[in-house]
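Asker:
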Amino acid sequence: MKRNRAISAIVKKDMREVTVNRQLLLTIVVVPLVLTLVVPSVFLLSVHFAPQEMGELQELMGMLPEEMQRMGAEELMVNLLFDNILPLFFLIIPIMAASVMAASSFVGEKEQSTLETLLYCPLNVRQLFHAKVLASFLFSMLVSWSSFLVMMLVLGLESHVLTGRMIIPGISWILVLAFLSPAVSLIAIILIVRGSAKAQSVMEAQQKAAFLVLPVVFLIAGQFLGAVLINAWILAGLSMILGLLAWVLLKTSLGRVSGEMLLGNAL
Amino acid sequence: MNAVVMNHLSKIYAGGKTAVADMDLSLEQGEVFGFLGPNGAGKTTTVKVLNGMLQPSTGECLVFGEDPSRNPEKVHALSGVMTEHAQMYNHLTGLQNLVFYGAMFGIGEEESRKRAGELLRQLFLADAAGQKLSAYSTGMRQRLSIARALMHRPKILFLDEPTSGLDPESAQNVNQMILTLAKEQGMTIFLCTHQLRYAQEICTRYGLIDEGRLLTVGTLEELRDGISSGMRVRIRADRLPDSLVDVLKKQEAGGRCGNRDKAAGKTAGMAAEDNKEKGIRDLTFEVKTEEEIPCIVGQIVENGGKVYHVSASRPSLEDIYFALTAERRVQ
Numbered sequence: 168m169k170r171n172r173a174i175s176a177i178v179k180k181d182m183r184e185v186t187v188n189r190q191l192l193l194t195i196v197v198v199p200l201v202l203t204l205v206v207p208s209v210f211l212l213s214v215h216f217a218p219q220e221m222g223e224l225q226e227l228m229g230m231l232p233e234e235m236q237r238m239g240a241e242e243l244m245v246n247l248l249f250d251n252i253l254p255l256f257f258l259i260i261p262i263m264a265a266s267v268m269a270a271s272s273f274v275g276e277k278e279q280s281t282l283e284t285l286l287y288c289p290l291n292v293r294q295l296f297h298a299k300v301l302a303s304f305l306f307s308m309l310v311s312w313s314s315f316l317v318m319m320l321v322l323g324l325e326s327h328v329l330t331g332r333m334i335i336p337g338i339s340w341i342l343v344l345a346f347l348s349p350a351v352s353l354i355a356i357i358l359i360v361r362g363s364a365k366a367q368s369v370m371e372a373q374q375k376a377a378f379l380v381l382p383v384v385f386l387i388a389g390q391f392l393g394a395v396l397i398n399a400w401i402l403a404g405l406s407m408i409l410g411l412l413a414w415v416l417l418k419t420s421l422g423r424v425s426g427e428m429l430l431g432n433a434l
Numbered sequence: 002m003n004a005v006v007m008n009h010l011s012k013i014y015a016g017g018k019t020a021v022a023d024m025d026l027s028l029e030q031g032e033v034f035g036f037l038g039p040n041g042a043g044k045t046t047t048v049k050v051l052n053g054m055l056q057p058s059t060g061e062c063l064v065f066g067e068d069p070s071r072n073p074e075k076v077h078a079l080s081g082v083m084t085e086h087a088q089m090y091n092h093l094t095g096l097q098n099l100v101f102y103g104a105m106f107g108i109g110e111e112e113s114r115k116r117a118g119e120l121l122r123q124l125f126l127a128d129a130a131g132q133k134l135s136a137y138s139t140g141m142r143q144r145l146s147i148a149r150a151l152m153h154r155p156k157i158l159f160l161d162e163p164t165s166g167l168d169p170e171s172a173q174n175v176n177q178m179i180l181t182l183a184k185e186q187g188m189t190i191f192l193c194t195h196q197l198r199y200a201q202e203i204c205t206r207y208g209l210i211d212e213g214r215l216l217t218v219g220t221l222e223e224l225r226d227g228i229s230s231g232m233r234v235r236i237r238a239d240r241l242p243d244s245l246v247d248v249l250k251k252q253e254a255g256g257r258c259g260n261r262d263k264a265a266g267k268t269a270g271m272a273a274e275d276n277k278e279k280g281i282r283d284l285t286f287e288v289k290t291e292e293e294i295p296c297i298v299g300q301i302v303e304n305g306g307k308v309y310h311v312s313a314s315r316p317s318l319e320d321i322y323f324a325l326t327a328e329r330r331v332q
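Sequence order for the protein chains is U and G. Take 168 as the starting number for the first sequence in this note's numbering and just add one per residue. Take 2 as the starting number for the second sequence in this note's numbering and just add one per residue.
1) Below 8 Å between beta carbons: does that hold for V21 of chain G and K12 of chain G?
2) Which same chain residues end up closer than 6 Å to A366 of chain U when comparing Cβ atoms and leaving out the 5 residues on each side of it in sequence?
3) Between the stretch 203-213 of chain G and the stretch 43-50 of chain G, can you find at least three pairs of beta-carbon atoms closer than 8 Å?
4) Under 8 Å, CB to CB, which of the residues in the stretch 267-284 of chain U have a partner in chain G?
5) So, with DSSP's three-state summary, where would you put E328 of chain G?
6) For L28 of chain G and F34 of chain G, I'd like the C-alpha separation in whole angstroms.
7) Output yes or no for whether 8 Å exceeds the beta carbon distance between R149 of chain G and L99 of chain G.
8) Hey, is the stretch 151-161 of chain G in contact with the stretch 130-139 of chain G, meaning 3+ C-beta pairs nearer than 8 Å?
9) Which residues of chain U have a Cβ atom closer than 8 Å to the Cβ of H310 of chain G, listed in chain order?
10) Among the candidates U:F216, U:M263 and U:D181, whose CA atom is the shortest distance from the CA of S352 of chain U?
11) Is DSSP giving E32 of chain G helix, strand or coil here?
12) In chain G, which residues lie with their C-beta within 7 Å of the C-beta of W317 of chain U?
13) Does M2 of chain G pass the burial test, meaning 16 or more other C-beta atoms within 10 Å, or should it be called exposed?
14) Since S272 of chain U and S303 of chain U should fall inside the 8 Å C-beta cutoff, what is the C-beta to C-beta distance between them, to a whole number of angstroms?
15) Determine, for N52 of chain G, whether the minimum Cβ-Cβ distance to residues of chain U falls below 8 Å.
16) What does DSSP give as the partner residues of C62 of chain G in its beta bridges?
17) On a Cα-Cα basis, can you pick out the residue from G:R214, G:L55, G:Y309 and G:G95 that is closest to V292 of chain U?
18) From this set, G:D247, G:V302 and G:A200, which residue's C-alpha is nearest F286 of chain G's C-alpha?
19) Following the continuous beta strand (DSSP E) through S312 of chain G, name the residue where it begins and the one where it ends.
20) Helix, strand or coil, according to DSSP, for A372 of chain U in the structure here?
21) Exposed or buried, what is R71 of chain G when buried is set at 16 or more other beta-carbons lying within 10 Å of its beta-carbon?
22) Mind listing the chain U neighbours of Y90 of chain G? Cutoff is C-beta to C-beta under 8 Å, in chain order.
23) Have a look at L79 of chain G and L282 of chain U and give me their C-alpha separation to the nearest angstrom.
Written out as structure tokens, the structure is:
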């Protein structure tokens, strides 16, 4: 009971801290807005208004699964965009939200000399680590799922107006929202925490965290270059691999977490 | 049960620096213990080891029977810690900070608010309760940190330089509060400071530390007796008999005060200062007992001199500290 009260207090306090910091809030709001509203809307409008050259499309359609080949050109493009391209763009959101929150939550505490005060409370370092990871994880999920809901509303409306059809999320999105986003969030949080002993400022930690989106950028590039077509099977495979990696990282970090690891030279 | 026990406790940092060396010390419950020494002497490291923040390199320590290296969270439930590096959140108000730390100790919100209100009043921060911490002055932050350390009614309070940055009035209020906590609630206070005069006002027992080594432990009287059994006398008078001055200067024996064996100037502390125009001189010297003072004054008066000032004092903590560190350096 007492322990849960303390963990809940940390989670609430950390979330509040991010929302009252204008700079962090701006990052957290702008990136999802661009990735879930601006980019998809631009794609959607391009598909609708751009002239479609059937010759090139025919070639592309030949590479796609059979059920997709039966679709009309615009429907096909919208589906490709929504189920194969956007999920990868979307993955940047949990990575970004988790990184910003974890950097603020761990390195920020160290920067403000408040982590030591927390370490004098009757939670052991593992419980403190657990509370902090939980706060970053919940925040990342909250941002991701809210972004998805807003994207569905806006894109649904745009699609209805432009094509008269609604957009229904496929299995890719279920995999992304339920498995991939949590896994990449956890990985980002743990990597930030592991680097937090060396990082001296939130800015430094966030700059290092920017590298975490690189694998996603490579996947997006691969998708556009035709090297790989992301489908539900690939996403399911990625979910399993990254989920396992997140679990291993979490277990090993919990095993060796210490005040000195969190505070680094500050002790 | 002792509040704190340290047995051959040492802490050597990874770089090889010895911060605490072979420390043996125990504190009774309800003591106001002054842990005194200059910056870098090892005071804060000792507090961190006693609270499980750092692991001891050798030896062991217990706080109310709990080993902080094994069960730090149990020690934290019993102790309140205020150090320079344990700050609070700038984006929260004073009250919100205290309620947050109350929750960290498992105290419900309503009870936390009540307790925070009490402490804010006691530390003269009630008017600033709704202000964000970023608007607090250094002294206000310091007092809020003390309130934070007291939120869960600890059995032992570790205070690291609690009055640095405080104005004299606030420092006096904090002193009064510490004394009340010790006397009325039986709280043990472990006070780290390099301000020896401040410590002398409130502590019941002292430990003097230098370069990680505990130089001595005891009450003020015990520490005084350890370095000198005498007392320092200052006399300002005219027509001081030359014989008396010579006696003091040469640290010779006797004179007319029969029971002053080996005379007044027993130590090297004697100093004389002349005011030649009026013939007034200042003399500072040591005697063994108060009984010797009337005898010396009597000699001056018999010589037709006027005595403007006579005062006697025993060595202060500062005197004791400097004597001990000087002795250690010679060794």
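The beta carbon of each residue, even a glycine, is placed where N, CA and C say it ideally should be.
Answerer: Quick look at the numbers:
1) Here residue 21 of chain G is taken as the residue at index 20 of the second sequence, counted from 1. Here residue 12 of chain G is taken as the residue at index 11 of the second sequence, counted from 1. The answer is yes: Cβ separation under 8 Å.
2) The sequence position of residue 366 of chain U within the first sequence is 199, counting from 1. Cβ within range, chain order: V274 and A372.
3) Under the Cβ criterion (8 Å, minimum of three pairs), the stretch 43-50 of chain G counts as touching the stretch 203-213 of chain G.
4) Within the stretch 267-284 of chain U, contact with chain G at the beta-carbon level (separation under 8 Å) is assigned to Q279, S280, T281, E283 and T284.
5) In the second sequence, the residue the question calls residue 328 of chain G occupies position 327. The answer is helix: DSSP assigns E328 of chain G an H, G or I state.
6) Along the second sequence, read from residue 1 onward, the residue named residue 28 of chain G stands at position 27. Along the second sequence, read from residue 1 onward, the residue named residue 34 of chain G stands at position 33. The alpha-carbon atoms of L28 of chain G and F34 of chain G are separated by roughly 8 Å.
7) For the purposes of this step, residue 149 of chain G is taken as residue 148 along the second sequence, with counting starting at 1. For the purposes of this step, residue 99 of chain G is taken as residue 98 along the second sequence, with counting starting at 1. With contacts defined as CB atoms closer than 8 Å, R149 of chain G and L99 of chain G qualify as a contacting pair.
8) The stretch 151-161 of chain G, when compared against the stretch 130-139 of chain G, does not touch it at the 8 Å Cβ threshold.
9) Taking the second sequence and counting its residues from 1, the one referred to as residue 310 of chain G is at position 309. Within chain U, no residue comes near H310 of chain G; the closest Cβ sits about 49 Å away, beyond 8 Å.
10) As a first step, residue 352 of chain U is located in the first sequence; it is residue number 185 there, counting from the start. Answer by Cα proximity: U:M263.
11) Along the second sequence, one-based indexing puts residue 32 of chain G at 31. Residue state for E32 of chain G is assigned as coil, using DSSP reduced to three classes.
12) By one-based count along the first sequence, residue 317 of chain U stands at place 150. Rather than Trp, the amino acid found at residue 317 of chain U in this sequence is Val. In chain order: nothing, as chain G lies at least about 27 Å away.
13) Residue mapping note: residue 2 of chain G aligns to position 1 of the second sequence, counting from 1. Flag for M2 of chain G reads exposed.
14) Here the question's residue 272 of chain U lines up with position 105 in the first sequence. Here the question's residue 303 of chain U lines up with position 136 in the first sequence. So it is a contact: roughly 6 Å between Cβ atoms.
15) Position 51 of the second sequence holds residue 52 of chain G. Chain U has a Cβ within less than 8 Å of the Cβ of N52 of chain G.
16) Residue numbering aside, residue 62 of chain G sits at position 61 when the second sequence is read from its first letter. Paired residue(s): G:M7.
17) Within the first sequence, the letter at position 125 stands for residue 292 of chain U. If we check each option's Cα against that of V292 of chain U, G:L55 comes out closest.
18) Mapped onto the second sequence, residue 286 of chain G falls at position 285. Its Cα nearest to that of F286 of chain G, the residue G:D247 stands out among G:D247, G:V302 and G:A200.
19) Working through the second sequence from its first residue, we reach residue 312 of chain G at position 311. Note, S312 of chain G: beta strand (DSSP E), V308 to S314.
20) Locating residue 372 of chain U in the first sequence gives position 205, where the first residue counts as 1. Three-state result, A372 of chain U: helix.
21) Numbered from its first residue, the second sequence carries residue 71 of chain G at position 70. The residue in question, R71 of chain G, is exposed, as its Cβ has fewer than 16 Cβ neighbours within 10 Å.
22) On the second sequence, position 89 is the one that residue 90 of chain G refers to. In chain order: K180, E184, Q279 and T281.
23) Along the second sequence, read from residue 1 onward, the residue named residue 79 of chain G stands at position 78. Along the first sequence, read from residue 1 onward, the residue named residue 282 of chain U stands at position 115. C-alpha separation (whole angstroms): 19 Å.
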